[in-house]
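Okay, so here's the structure we're looking at.
Structural data, given as structure tokens:
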């Protein structure tokens, strides 16, 4: 069985998924590609907040953020509450959209994740009163 990974970039101001990518590897390249797929310049991002996972905490991401003058912010180790919006977005992906589905290929997962961009804010507001 093949595992696939999703990386979201979420605007914490309005809880909008502003970028995403999927990969068969959970690594810095996935995060870097997610940034590269944004429809606007990285100069518009002032702070990048994340957990301390190795896919975020490495020289590739440090250099990308520094090159674009984006400040880094990391959750405290073992404190998922610092990353509540992101954690809830992944929960919605897993429980509302994926559930127990198996994907034949990464392209099918990518199509589903694209749909998530449309529905995540609606679900956050209606189901979790998170507006």
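Residue numbers (full-length UniProt numbering): 1 to 131.
Note that beta-carbon positions come from the ideal geometry of N, C-alpha and C, so glycine has one too.
Quick caveat, the model's predicted, so the values are computed rather than measured.
Where residue i falls, given that 16 or more other Cβ within 10 Å makes a residue buried
{"i": "residue 89", "result": "buried"}
{"i": "residue 95", "result": "exposed"}
Cβ pair residue i, residue j closer than 8 Å
{"i": "residue 18", "j": "residue 38", "result": "yes"}
{"i": "residue 97", "j": "residue 111", "result": "no"}
{"i": "residue 75", "j": "residue 69", "result": "no"}
Separation of residue j from residue i, as counted between CA atoms
{"i": "residue 102", "j": "residue 93", "result": "14 Å"}
{"i": "residue 60", "j": "residue 72", "result": "13 Å"}
{"i": "residue 29", "j": "residue 41", "result": "18 Å"}
{"i": "residue 63", "j": "residue 5", "result": "23 Å"}
{"i": "residue 8", "j": "residue 1", "result": "23 Å"}
{"i": "residue 45", "j": "residue 66", "result": "12 Å"}
{"i": "residue 35", "j": "residue 91", "result": "22 Å"}
{"i": "residue 119", "j": "residue 113", "result": "10 Å"}
{"i": "residue 56", "j": "residue 33", "result": "12 Å"}
{"i": "residue 20", "j": "residue 43", "result": "18 Å"}
Given residue i as reference, the closest of the options once Cα atoms are compared
{"i": "residue 163", "options": "13, 87, 33 and 59", "result": "No answer is possible for residue 163: the residues shown for the chain start at 1 and end at 131."}
{"i": "residue 31", "options": "58, 15 and 95", "result": "58"}
{"i": "residue 86", "options": "1, 3, 5 and 15", "result": "15"}
{"i": "residue 3", "options": "100, 66 and 119", "result": "100"}
* Counting pairs of Cβ atoms below 8 Å between the region 21-28 and the region 103-121, do you hit three or more? -> yes
* To do: Give a yes or no on contact between the region 49-60 and the region 72-80, applying the rule of three or more CB pairs nearer than 8 Å.
  => yes
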